[in-house]
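Asker:
In the numbering used here, the protein residues as written are 81 to 404.
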């Protein structure tokens, strides 16, 4: 969906901007293509720069509870330094390389409830206006898909997913937030694990998989969190028994002594999102697909749509307020 807006800072008769993204999902570290369509107003305008911003809806935990808002996590200047004549129509083509840690917003065509956008920032003759805001759809890398598929084959189920403001200690994380995927335990782990949170930190060569298990307490042991870290090369995806490998990761977490204070070193707790595949595809049918038709993790589909709409509309209203 394309959001088109009159550049309020330039007043009635000013140029308009409309950014159109190429249809379909992109992947982390991949190329995002599209065009910025400009139309001149009632007079010539000097276009100083056209900058595209990648924006994410992020949650942050603090002492008083939880807050959420928009975070700009990358900027690309795609054009500038030219005069747009009165009434002139001009298209600016672009191809951008997404950060490797860009969150995944869909899996197997199912919306995961993660909201990303591309916002157009136009500077015209000394006046700045953030024009339209477009939804960005990002699919998983093969390594991410393989790991999530393995969880599905093992019987784990999707609970929720979100973007958490904070940094994972000891990692090479570059973005100011990380994506967290909460999974319910497979039946044969349900007596030892409450849930597992999965975070992917992708880079050009490898994918770091960070697992956090919320362990149940027993008669002779307390509960707590256990952390596991694993590295997967992008070239290593094919020819591996991922279900067996991931099961080994989970067994190690289940048998490990619980650690404490993990969130202080790890970042912030909590999370929302989702994933799947033919194995996880079964989970998706009751998980991600459920976002579109029913209730998933207590969140009704209409509420997801409202939150997405509020994110975009609220952002535009905020920008208009800043201009006034």
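Backbone N, C-alpha and C define an ideal beta-carbon position, used for all residues, glycine too.
(1) Let me know if residue 93 comes out buried or exposed under the rule of 16 or more other beta-carbons within 10 Å of its beta-carbon.
(2) Measure from the alpha carbon of residue 264 to the alpha carbon of each residue in 283, 258 and 294, then state which is nearest.
(3) Answer yes if the region 247-254 comes into contact with the region 165-178, meaning at least three C-beta pairs across the two stretches below 8 Å, and no otherwise.
(4) Work out the CA separation of residue 306 and residue 187 for me, nearest whole Å.
(5) Out of 168, 169, 139 and 221, which has the shortest C-alpha to C-alpha gap to residue 111?
(6) Within the same chain, show all residues whose beta-carbon is closer than 8 Å to that of residue 334, passing over the 5 residues directly before and after it, in chain order.
(7) Quick check: the region 193-204 against the region 129-146, are there 3 or more CB pairs under 8 Å?
(8) Where does residue 227 sit, in a helix, a strand or coil, going by DSSP?
(9) In the DSSP assignment, what residue or residues form a beta bridge with residue 111?
(10) Suppose you measure from the CA of residue 258 to the CA of residue 122; what does that come to, to the nearest Å?
(11) Quick check on residue 146: buried or exposed, where buried means 16 or more other Cβ atoms within 10 Å of its Cβ?
(12) Would you kindly report the start and end of the unbroken beta strand (DSSP E) that includes residue 331?
(13) Using 8 Å as the threshold, is the region 221-241 in touch with the region 283-290, meaning 3 or more CB pairs across them?
(14) In the structure shown, what three-state DSSP assignment does residue 188 receive?
(15) Specify the secondary structure class of residue 98 as computed by DSSP and reduced to three states.
(16) Between residue 255 and the rest of its own chain, which residues show a CB-CB distance below 6 Å, the 5 nearest in sequence each way excluded?
(17) If you reduce the DSSP assignment to three classes, tell me which class residue 315 lands in.
(18) State the DSSP-derived secondary structure class of residue 232, mapped to helix, strand or coil.
(19) May I ask you to list the residues that DSSP assigns as paired with residue 170?
(20) Starting from residue 142, trace the beta strand (DSSP E) both ways and give me its first and last residue.
(21) Mind checking which residues open and close the beta strand (DSSP E) that includes residue 261?
(22) Using three-state DSSP, classify residue 310 as helix, strand or coil.
(23) Name, in chain order, the residues that DSSP records as bridge partners for residue 216.
(24) Considering just the uninterrupted stretch of the beta strand (DSSP E) at residue 221, what are its terminal residues?
(25) Starting from the C-beta of residue 317, find all residues in its chain whose C-beta is less than 6 Å away, skip the five residues before and the five after it, and write them out in chain order.
(26) When you compare only the Cα positions, how much space is there between residue 143 and residue 115?
(27) So, using beta-carbon positions, are residue 243 and residue 194 closer together than 8 Å?
(28) Considering only residues of the same chain and omitting the five flanking positions on each side of residue 162, which have a CB-CB separation below 7 Å?
(29) On the CB-based measure, 16 or more other CB atoms within 10 Å of its CB, does residue 137 come out buried or exposed?
Answerer: In terms of the structure at hand:
(1) As a first step, residue 93 must be located in the chain shown, where it is residue number 13. Answer is exposed; the Cβ neighbour count stays below 16.
(2) Within the chain shown, residue 264 is the residue found at index 184, counting from 1. Comparing alpha carbon positions, the residue from 283, 258 and 294 closest to residue 264 is 294.
(3) no
(4) Locating residue 187 in the chain shown gives position 107, counting from the first residue. Locating residue 306 in the chain shown gives position 226, counting from the first residue. Residue 187 and residue 306: Cα-Cα distance of roughly 27 Å.
(5) Walking along the chain shown from the start, residue 111 turns up at place 31. The option with the nearest alpha carbon to residue 111 is 221.
(6) Position 254 of the chain shown, counting from 1, holds the residue named residue 334. Same-chain partners within the cutoff: 269, 272, 273, 293, 295 and 306.
(7) yes
(8) The residue you call residue 227 lines up with position 147 of the chain shown. In this structure, residue 227 counts as helix in the three-state DSSP scheme.
(9) Locating residue 111 in the chain shown gives position 31, counting from the first residue. In the DSSP output, where bridge partners are listed per residue, residue 111 has 177.
(10) Working through the chain shown from its first residue, we reach residue 258 at position 178. Working through the chain shown from its first residue, we reach residue 122 at position 42. Distance between the alpha carbons of residue 258 and residue 122 is about 45 Å.
(11) Locating residue 146 in the chain shown gives position 66, counting from the first residue. Flag for residue 146 reads exposed.
(12) Mapped onto the chain shown, residue 331 falls at position 251. Unbroken run through residue 331 is the alpha helix (DSSP H), 322-335; no beta strand (DSSP E).
(13) yes
(14) The residue given as residue 188 occupies position 108 in the chain shown. Three-state result, residue 188: coil.
(15) Against the chain shown, residue 98 aligns to sequence position 18. Looking at residue 98 - three-state DSSP - the assignment turns out to be strand.
(16) Walking along the chain shown from the start, residue 255 turns up at place 175. The residues are 153 and 181.
(17) Looking up residue 315 in the chain shown gives position 235. Residue 315: helix per DSSP, three-state reduction.
(18) In the chain shown, the residue the question calls residue 232 occupies position 152. Note: residue 232 maps to helix in three-state DSSP.
(19) For this step, residue 170 is matched to residue 90 along the chain shown. 118.
(20) The residue given as residue 142 occupies position 62 in the chain shown. 125-142 is the span of the beta strand (DSSP E), which, as asked, contains residue 142.
(21) Along the chain shown, read from residue 1 onward, the residue named residue 261 stands at position 181. Taken as a continuous stretch (DSSP letters only), the beta strand (DSSP E) holding residue 261 covers 257-264.
(22) Stepping through the chain shown from its first residue, residue 310 is reached at position 230. Note: residue 310 maps to strand in three-state DSSP.
(23) Translated into positions along the chain shown, residue 216 becomes position 136. Paired residues: none, contrary to the question.
(24) For the purposes of this step, residue 221 is taken as residue 141 along the chain shown, with counting starting at 1. That residue, residue 221, is in no beta strand (DSSP E); it is neither H nor E in DSSP.
(25) Residue numbering aside, residue 317 sits at position 237 when the chain shown is read from its first letter. The residues are 222, 223 and 226.
(26) Residue mapping note: residue 143 aligns to position 63 of the chain shown, counting from 1. Residue mapping note: residue 115 aligns to position 35 of the chain shown, counting from 1. Computed Cα separation, rounded: 43 Å.
(27) Start at 1 with the first residue of the chain shown, and residue 243 comes out as number 163. Start at 1 with the first residue of the chain shown, and residue 194 comes out as number 114. Yes, Cβ-Cβ distance for residue 243 and residue 194 is below 8 Å.
(28) For this step, residue 162 is matched to residue 82 along the chain shown. If we look at residue 162 and ignore the five residues flanking it on each side, its Cβ neighbours are 127.
(29) Against the chain shown, residue 137 aligns to sequence position 57. Residue 137 is classed as buried because its beta carbon has at least 16 other beta carbons within 10 Å across all chains shown.
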